[in-house]
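Top to bottom, those sequences are chains A and B.
The numbering used here numbers the first residue of the first sequence as 197 and each following residue consecutively.
The numbering used here numbers the first residue of the second sequence as 197 and each following residue consecutively.
We treat Cβ as the ideally placed atom computed from N, Cα and C, and that holds for glycine.
Number of protein chains: 2
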Amino acid sequence: MTQREVQQRRPSIHDVASHAGVSAATVSKVLAGVTTVRPENAQRVFDAVERLGYRVDPLASDMRRAKRRIIGAIMPEFESEFFGSMVTELEGLAEQRGYTLVAASSRESEAREKEILARMHDWRVAGVVLAPVRNEHGPAAAFMKANGMTGVLIDRVLSDDAFDTVSADSAAASAEVARMLVGNGHSHILVIGLAEQAATVRARLEGFRTQALALNPSVRIDVITSEVSVEPLRASLRDYFARGERPTAVYSLLLKGTLVALSEFRRRGWHCPNDISLVGFDDAEWMQVTWPAIAAVVQPVRQIASEAMNLLFRRVEGAMGPPTARLEPCQVLMRESVGSPGSGPHSGGGDRQQPPLS
Amino acid sequence: MTQREVQQRRPSIHDVASHAGVSAATVSKVLAGVTTVRPENAQRVFDAVERLGYRVDPLASDMRRAKRRIIGAIMPEFESEFFGSMVTELEGLAEQRGYTLVAASSRESEAREKEILARMHDWRVAGVVLAPVRNEHGPAAAFMKANGMTGVLIDRVLSDDAFDTVSADSAAASAEVARMLVGNGHSHILVIGLAEQAATVRARLEGFRTQALALNPSVRIDVITSEVSVEPLRASLRDYFARGERPTAVYSLLLKGTLVALSEFRRRGWHCPNDISLVGFDDAEWMQVTWPAIAAVVQPVRQIASEAMNLLFRRVEGAMGPPTARLEPCQVLMRESVGSPGSGPHSGGGDRQQPPLS
DNA sequence: CAAGAACGAAAAATCGATTTATCGATTAGA
DNA sequence: TCTAATCGATAAATCGATTTTTCGTTCTTG
């Protein structure tokens, strides 16, 4: 009966100690790799660990430790490929260093973001990777600052005076999109976006505008943005087209906008690239299999995740010095959704074109 | 100086106790809502909590407690909308009950799945929501059983003799797809899938086949599956078409397959639904904005998540009794990618059709 | 050979909570 | 009036590890 009860509950460090005939402190030292233990005793500890199938309880272990081996990750959402793979990467990197990642979605709400952060602070996480809803000046970053938390800000940020930041080089990528579109002869381009406040969205817009005007000073760039959600953006876009505006290309500053643009094109019976060209910031798996394939800016998820974790652990280990602001280069994928203006609906070369067989 | 140090480190229950002039045990009781405390003392505790900004340390709290308030979630991946929103839902539901969710991706590997599970067992999680890579008979479920862990299996499962299971009603949804396709006159249908071993994929196949044959005994159903990954599937599909096989409709049993099918259609210059019809299991946001919109089976993510958590917490709270196997109904969305066979490439009514304005 | 340094391991304190045992004061009952 | 029961609160034990302190041996060294 006692046998059974002992087997029910997981062995603790004391069980290992008594089986090995040493003290719990010695077991702890052996497992921590301290060398001042007699080899004979160390072997007995290893044997007991093996026999009992003992594993350290990370919760109890973190209890005594100054820095708990937990990393928090807060993303605006998990539904998109970008943040989904971001969490996957972060989790893998945390695990590699023996840390546990606790991830939560702020669901695009700054209020929720702060609540989650408070809860992570309760857990006394060693560090936080925060992808803020809006930008680096939100209440979440302020909370982290006020409570002396260590963290890294990613994605919708440019730079901060307290935290390291890592994001895609939006401006450079947008400049390349400008070269692609203006280079193809487009001189009336619509840019759509959400939350112009977000530093990166502004960077994308400015990067695009500057480069486009440099290449062709007479290019016309219309901008439609919405603060709140996608629906107002959809309404504005609908209005814009209904007024008779006919840009030859659309550059969407974010994935949701690309979807909105596509559905509005659908609604009006327009085809890419014959009737209008389209480029989107943020790539997704489906974009290369649809007809036409959608040109897109690919964000370097792995690099961002890896760099963020490197910076974070440097700070966790006590590194001082001014915060750094990293920009990771993007890749711009030219695809069939971009053509030259004026190749009209019946000029061929559009989505009816037969792709080469391998 | 001492002032500052005190402010550096977060207040513990003892700090609250001394500020309130009571013992730590009393503070604990007040915060737990025990009523045997003099109202006067309770008030002083609340005041001290307020003044110090005290919050319970969940790690220390869970230390003493028998059941730790941590739930583990293991998904095959985070990149897709389905598992992404699943994690979001699960996290919200866990939070509602005061639990912390620790999520990890098995990256479609059973070996990794088991390792993650072992690590969650180390944390002594109260329960686990496992979406197995293959099915309920994998090593992960065996590990949970062997170690007396409580958990719920979701998505790629049908039923189990040890754990409650929750999944989409694949068979019923597939039967509806069969009605849709056969009802539209299709008599040669290709079904593609991955990992036929997965119980749900088999259920989808059988649900489809049974209903299709019931409606038209002479319907021809070809099946292409691949065990390993998507690439062999793509190769087989390419072979199949190269041999001159010309089904009039394709039913993909999973999202990856839908993408593969679309890209193969592209490669051959085929259009939906003129040249071939397409229905996919699993919906995604982009499917309704592409041209044509892709008909799809929508899985009830919220219901699955909610039911899984209900069942899990029932077990966590000690409920006994035989495991249940829930099937949540899906919704089948008819879209433009499905048409009638024989309406040939030049018969109109396909992806060139002008959608109604409004 | 005795004092001191070095070494290895055990004992004890600690982390921050919860829970159980204990204790003093008040009230009830005999 | 004295004992027993009740009540509220405190002290102490506990969870499972890590870290610091203490202690007994052995090895140096003057």
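Take residue i and list the residues in its own chain whose beta-carbon comes closer than 6 Å to its own, dropping the five residues that flank it on each side.
| i | result |
| --- | --- |
| residue 479 (chain A) | 492 and 494 |
| residue 416 (chain B) | 384 |
| residue 488 (chain A) | 468, 532, 533 and 547 |
| residue 244 (chain B) | 212, 215 and 216 |
| residue 225 (chain A) | 233 |
| residue 538 (chain A) | none |
| residue 380 (chain A) | 536 |
| residue 340 (chain B) | 347 |
| residue 223 (chain B) | 209, 212, 213 and 241 |
| residue 228 (chain A) | none |
| residue 525 (chain B) | 365 |
| residue 503 (chain B) | 362 and 522 |
Output needed for residue i: all residues of its chain with C-beta closer than 8 Å, excluding positions within five of it in sequence on either side, in chain order.
| i | result |
| --- | --- |
| residue 507 (chain A) | 348, 360, 362, 520 and 522 |
| residue 640 (chain B) | For residue 640 (chain B) there is no data in the structure shown, the boundaries of chain B being 197 and 554. |
| residue 459 (chain B) | 430 |
| residue 456 (chain B) | 388, 426, 429, 430, 433 and 448 |
| residue 207 (chain A) | 248, 249 and 250 |
Using C-beta distances below 7 Å, list every residue in its chain close to residue i, excluding the 5 sequence neighbours before and after it, in chain order.
| i | result |
| --- | --- |
| residue 343 (chain B) | 317 |
| residue 422 (chain B) | 390, 428, 429 and 432 |
| residue 466 (chain B) | 472 |
| residue 501 (chain B) | 282, 285, 286 and 289 |
| residue 331 (chain B) | 352, 353, 393, 394 and 395 |
| residue 382 (chain B) | 444, 445, 473 and 537 |
| residue 405 (chain A) | 417 |
Out of the options, state which residue places its alpha-carbon closest to the alpha-carbon of residue i.
| i | options | result |
| --- | --- | --- |
| residue 345 (chain B) | A:381, A:418, A:205 and A:281 | A:205 |
| residue 283 (chain A) | A:498, A:439 and A:509 | A:498 |
| residue 447 (chain B) | B:395, B:514, B:425 and B:477 | B:477 |
| residue 371 (chain B) | B:400, B:388, B:535 and B:390 | B:400 |
| residue 418 (chain B) | B:330, B:388, B:255 and B:483 | B:388 |
| residue 271 (chain A) | A:299, A:261 and A:277 | A:299 |
| residue 475 (chain A) | A:434, A:452 and A:514 | A:452 |
| residue 454 (chain B) | B:290, B:241 and B:433 | B:433 |
| residue 424 (chain B) | B:329, B:350 and B:333 | B:329 |
| residue 324 (chain A) | A:356, A:355, A:207 and A:268 | A:268 |
| residue 357 (chain B) | B:338, B:375 and B:366 | B:338 |
| residue 407 (chain A) | A:435, A:397, A:374 and A:486 | A:374 |
| residue 438 (chain B) | B:490, B:238, B:464 and B:247 | B:464 |
| residue 170 (chain B) | B:365, B:311 and B:293 | What is shown of chain B runs 197 to 554, which leaves residue 170 (chain B) out entirely. |
| residue 410 (chain A) | A:378, A:352 and A:278 | A:378 |
| residue 288 (chain A) | A:505, A:481 and A:516 | A:505 |
| residue 335 (chain A) | A:296, A:501 and A:312 | A:312 |
| residue 529 (chain B) | B:517, B:515, B:490 and B:246 | B:490 |
| residue 403 (chain A) | A:414, A:368 and A:435 | A:368 |
| residue 481 (chain B) | B:333, B:470 and B:280 | B:280 |
Taking DSSP as the reference, what is the three-state secondary structure of residue i?
| i | result |
| --- | --- |
| residue 418 (chain B) | strand |
| residue 521 (chain A) | strand |
| residue 349 (chain A) | strand |
| residue 542 (chain B) | Below a pLDDT of 50, predicted positions are generally treated as unreliable, and residue 542 (chain B), at 38, falls in that range; the measurement from the model is reported next regardless. Coil. |
| residue 361 (chain B) | strand |
| residue 533 (chain A) | coil |
| residue 262 (chain B) | coil |
| residue 453 (chain A) | helix |
| residue 354 (chain B) | coil |
| residue 268 (chain A) | strand |
| residue 391 (chain A) | coil |
| residue 218 (chain B) | coil |
| residue 373 (chain B) | helix |
| residue 281 (chain B) | helix |
| residue 366 (chain B) | helix |
- Short-range partners of chain B found in the stretch 251-262 of chain A, where Cβ spacing is below 8 Å: Identification of residues in the stretch 251-262 of chain A having a C-beta nearer than 8 Å to some C-beta of chain B yields 251, 252, 253, 254, 255, 256, 258 and 259, given in sequence order.
- Item | Uninterrupted alpha helix (DSSP H) stretches inside the stretch 297-341 of chain A (no shorter than 4 residues) | Runs found: 306-318.
- Residues from the stretch 271-282 of chain A in contact with chain B, defined by Cβ distance under 8 Å: Listed by position, the residues of the stretch 271-282 of chain A near chain B (Cβ gap below 8 Å) are 273, 274, 275, 276, 277, 279, 280 and 281.
- Item | 4-residue-minimum alpha helix (DSSP H) runs that sit fully inside the stretch 467-515 of chain B, ordered along the chain | Uninterrupted alpha helix (DSSP H) stretches at least 4 residues long and entirely within the stretch 467-515 of chain B occur at 497-512, given in chain order.
- Task: Scan the stretch 285-301 of chain B for residues whose Cβ lies nearer than 7 Å to a Cβ of chain A and list them as they occur along the chain.
- Result: Of all residues in the stretch 285-301 of chain B, 287, 296, 298, 299, 300 and 301 have a Cβ within less than 7 Å of some Cβ in chain A.
- Between the stretch 490-518 of chain A and chain B, which residues of the former have a C-beta closer than 8 Å to a C-beta of the latter? Listed by position along the chain: nothing, the set is empty.
- Task: Ignoring anything shorter than 3 residues or poking outside the stretch 397-441 of chain A, list the beta strand (DSSP E) runs there in chain order.
- Result: Fully contained in the stretch 397-441 of chain A are the following beta strand (DSSP E) runs of length 3 or more, in chain order: 416-422.
- Of the residues that make up the stretch 462-480 of chain A, which ones have a beta carbon closer than 9 Å to any beta carbon in chain B? Residues are counted here when their Cβ sits less than 9 Å from a Cβ of chain B; for the stretch 462-480 of chain A these are 462, 463, 464, 465, 467, 468 and 480, given in chain order.
- Message: Using a Cβ-Cβ cutoff of 7 Å, what residues of the stretch 338-349 of chain B are near chain A? List them in chain order.
- Response: Listed in sequence order: no entries.
- Query: Given a limit of 7 Å on CB to CB distance, which residues of the stretch 433-460 of chain A reach chain B?
  - Reply: Residues 455, 458 and 459.
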